[in-house]
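A quick write-up on the structure given underneath.
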Amino acid sequence: GAGVSQSPSNKVTEKGKDVELRCDPISGHTALYWYRQSLGQGLEFLIYFQGNSAPDKSGLPSDRFSAERTGGSVSTLTIQRTQQEDSAVYLCASSLPRGEQYFGPGTRLTVT
Amino acid sequence: GESVGLHLPTLSVQEGDNSIINCAYSNSASDYFIWYKQESGKGPQFIIDIRSNMDKRQGQRVTVLLNKTVKHLSLQIAATQPGDSAVYFCAGRFMNNNAGNMLTFGGGTRLMVKP
């Protein structure tokens, strides 16, 4: 595709429910990153994929967060038993190895 | 630790004036820094980057200065326009073989351009 796409663009969920966020990277980009951006804050690194493997999961805030990537392309970030503090914009970026990161528009998650 | 931060949360400038957005970092183990622009409802957009072996780099209407002695980075925007209104983030790539091109972002500065 022309750029990184993410879906849904907005998600409102009730506390305790599970959510899945999707990222479609730029075709051919082997690296994929997930970040979280709370209101008025900078970006917090969550996880990085090189191909289908995630060498660094240290940024995931808790064991309720998990991510996978299949076929070296689409990635999903799953948050189980959502809490209000999970409310944020979740951004995905992709790049060539050690290249410039291109960001998607983000998914705004609101946990009520 | 690894942190990148900003001096000012909000900067208001008159259209046509030059803007300077500052950023400080604490970890000198970085091979390059990037400035991003984020407009409302959109993801960050790359503006300009600079490698740690340089102290200045110029783009179209933008200049990034890097002072490694004091661990300071700045973005200068010439002849600021209303379309420049956005939040600007600096980010540093810190040496981490496990996280590829992982970036550490500062908190952001909101630039407001007055007509």
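If you read the protein sequences in the order shown, they are chains Y and U. Note that this note's numbering numbers the first sequence so that position 42 is 144, with each residue one more than the last. Note that this note's numbering numbers the second sequence so that position 82 is 96, with each residue one more than the last. Here a beta-carbon is modelled for each residue, glycine too, at the ideal position from N, C-alpha and C.
Three-state class that DSSP yields for residue i in the structure shown
i: U:E16; result: Confidence is the limiting factor: at U:E16 the pLDDT is only 43, short of 50, which leaves the residue's position unreliable, though a coordinate-based value still follows. Residue state, collapsed to three classes: coil.
i: U:P96; result: helix
i: Y:E122; result: strand
i: Y:E187; result: helix
i: U:H86; result: strand
i: U:G106; result: strand
i: U:V101; result: strand
i: U:R75; result: coil
i: U:M126; result: strand
i: Y:I128; result: coil
i: Y:R210; result: strand
i: Y:K159; result: coil
i: U:G120; result: coil
i: Y:S111; result: coil
Distance, residue j Cα to residue i Cα
i: U:S66; j: Y:P199; result: 19 angstroms
i: Y:G201; j: U:E29; result: 34 angstroms
i: Y:I179; j: U:T24; result: Just to set this straight, residue 179 of chain Y is Leu in the shown sequence, not Ile. Rounded to the nearest angstrom, the two C-alpha atoms are 32 angstroms apart.
i: U:N36; j: U:V127; result: 17 angstroms
i: Y:P110; j: U:T123; result: 27 angstroms
i: U:G55; j: U:D69; result: 32 angstroms
i: Y:I128; j: U:Y102; result: 23 angstroms
i: Y:S164; j: Y:V191; result: 17 angstroms
i: U:M116; j: Y:S160; result: 12 angstroms
i: Y:Q203; j: U:G57; result: 11 angstroms
i: Y:S177; j: Y:S189; result: 20 angstroms
i: U:S26; j: U:D98; result: 11 angstroms
i: Y:G61; j: Y:S168; result: Absent from the model: residue 61 of chain Y. The displayed extent of chain Y is 103 to 214, so no value can be given.
i: U:N32; j: Y:R166; result: 46 angstroms
CB-CB length for residue i against residue j, believed under 8 angstroms
i: Y:T184; j: Y:T115; result: 6 angstroms
i: Y:I174; j: Y:G206; result: Sequence inspection shows Gly at residue 174 of chain Y; the Ile mentioned does not correspond to that position. Between Y:G206 and Y:G174 the Cβ distance is about 17 angstroms, and since that is not below 8 angstroms, they are no contact.
i: Y:S196; j: Y:L134; result: 5 angstroms
i: Y:S155; j: Y:D126; result: Not really, about 19 angstroms apart at Cβ, beyond 8 angstroms.
Cβ-based neighbour list, residue i, same chain, cut-off 8 angstroms, excluding 5 preceding and 5 following
i: Y:K113; result: V121, L123, T209, R210, L211 and T212
i: U:V76; result: W49, I61, I62, L89, Q90, I91 and A92
i: U:P129; result: E29 and P96
Cβ neighbours of residue i in the same chain (closer than 6 angstroms, five flanking residues each side left out)
i: U:G106; result: V18, Y39, S44, F47 and T118
i: U:H86; result: A38
i: U:L79; result: K70 and S88
Neighbourhood of residue i by C-beta distance below 7 angstroms, restricted to the same chain and skipping five residues each side
i: Y:L193; result: Y137, Q139, L145, F205, G206 and G208
i: U:Q72; result: none
i: U:A100; result: K51, Q52, E53 and L125
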